[in-house]
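In the working numbering, the protein residues as written are 31 to 213.
Heads up, the beta-carbon is just placed ideally off N, CA and C, and yes, glycines get one too.
Computed from a predicted structure; not experimentally measured.
Written out below as C-alpha cells is the structure these notes cover.
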Amino acid sequence: MEEQFTKGHLVTLMISSLIATGFGAGWWFSGTAAVNGPKTVLVVLGIVVVVALVAWIVALGRRGADLPAGGGRGDSPFGKQYGISVLLMVVGIFAGARVLSGVFDLPQAVPAWVLLLVGLHFLPFSRLFGTRRFLVLAILLCVVAVAAAVLGAAGQEWAWRTVPGFGGAVVLWGTAVAGLRSR
31 MEEQFTKGHL VTLMISSLIA TGFGAGWWFS GTAAVNGPKT VLVVLGIVVV
81 VALVAWIVAL GRRGADLPAG GGRGDSPFGK QYGISVLLMV VGIFAGARVL
131 SGVFDLPQAV PAWVLLLVGL HFLPFSRLFG TRRFLVLAIL LCVVAVAAAV
181 LGAAGQEWAW RTVPGFGGAV VLWGTAVAGL RSR
C-alpha cells in the first residue's frame, strides 16, 4: 500500500524545491556573469524561471491546505545526517578551493569543484528523503562538473564557469520541476 501524501511531505517538497530554485538561480547567474557580451536575455530568462518556480511552489502549498497533518518534526529528513552531509560539502568546498587556487594555481577550476561536491552531497539524500530523484540529481551534477573540467582542461576556457553555471542551474531547476510535478 502506498503511503499517503501529508502536509509533512508537502513541507519537505516545498523546502527542497525552494532550495533547488535558489541554488539554481545562483548557478545561473554565475554562468551569466561569465558570458562575454550582452547578458540581458540571460538575466531575464533566469528571473522568469525563478519567479515561475516560486509561484508554482506557493500555489502547491496553498492547494495542500486540506492534506492530512502527518510528518512531524521527528519524521523530517532535515536531521543529523542531512547536517553532516552539508557540513562535509562546505568543508570540502573550502579546502578544495584553497588547494586548487593556492597549490595548483587553478582558480578557474573552483566552480567545477564546487558543483562536484554539491552533487556528491546529494548521494545520501535518496535514502533520507525516500526518493531516487536525489541519486539522479547527484549523478547529473557530477557529470556536469566533470564535463566542465574536461572541457576546461582541453583549453576551452569558457567552460570553467559557464558549464557549471548553466548546467548546474538546469539540473537543479529540472529536479525541482520533477518533484513538483510528481507530488
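Reduced DSSP category for residue i - H, G, I as helix; E, B as strand; rest coil
{"i": "F155", "result": "helix"}
{"i": "M31", "result": "Unreliable positioning characterises M31 in this predicted model, as indicated by a pLDDT of 39, which lies under 50. The coordinate reading is nonetheless provided below. In this structure, M31 counts as coil in the three-state DSSP scheme."}
{"i": "P141", "result": "helix"}
{"i": "F164", "result": "helix"}
{"i": "G182", "result": "helix"}
Contact check, residue i vs residue j, beta carbons under 8 Å
{"i": "L150", "j": "G54", "result": "no"}
{"i": "A64", "j": "T192", "result": "yes"}
{"i": "L165", "j": "L146", "result": "no"}
{"i": "T62", "j": "G76", "result": "yes"}
{"i": "G195", "j": "W57", "result": "yes"}
{"i": "V174", "j": "G198", "result": "yes"}
Run of the alpha helix (DSSP H) containing residue i, from where it starts to where it stops
{"i": "P194", "result": "189-212"}
{"i": "V73", "result": "70-93"}
{"i": "L97", "result": "Run containing L97: none; DSSP gives neither H nor E here."}
{"i": "T51", "result": "37-64"}
Any non-hydrogen atom of the ligand MN within 7 Å of residue i CB
{"i": "V166", "result": "Summarising the ligand content, the structure contains no ligands, and the ligand MN is consequently not present."}
Closest Cα partner of residue i within the set the options
{"i": "V121", "options": "P98, W143, P137, L136", "result": "W143"}
{"i": "Q111", "options": "V140, S156, R128, V129", "result": "S156"}
{"i": "L40", "options": "L97, G56, F134, V78", "result": "L97"}
For this session: Tell me, please, whether the stretch 34-45 touches the stretch 67-74 by the rule of three or more beta-carbon pairs shorter than 8 Å.
Result: no
Exercise. Is there contact here, the stretch 172-186 with the stretch 127-142, by at least three beta-carbon pairs under 8 Å?
Worked result: yes
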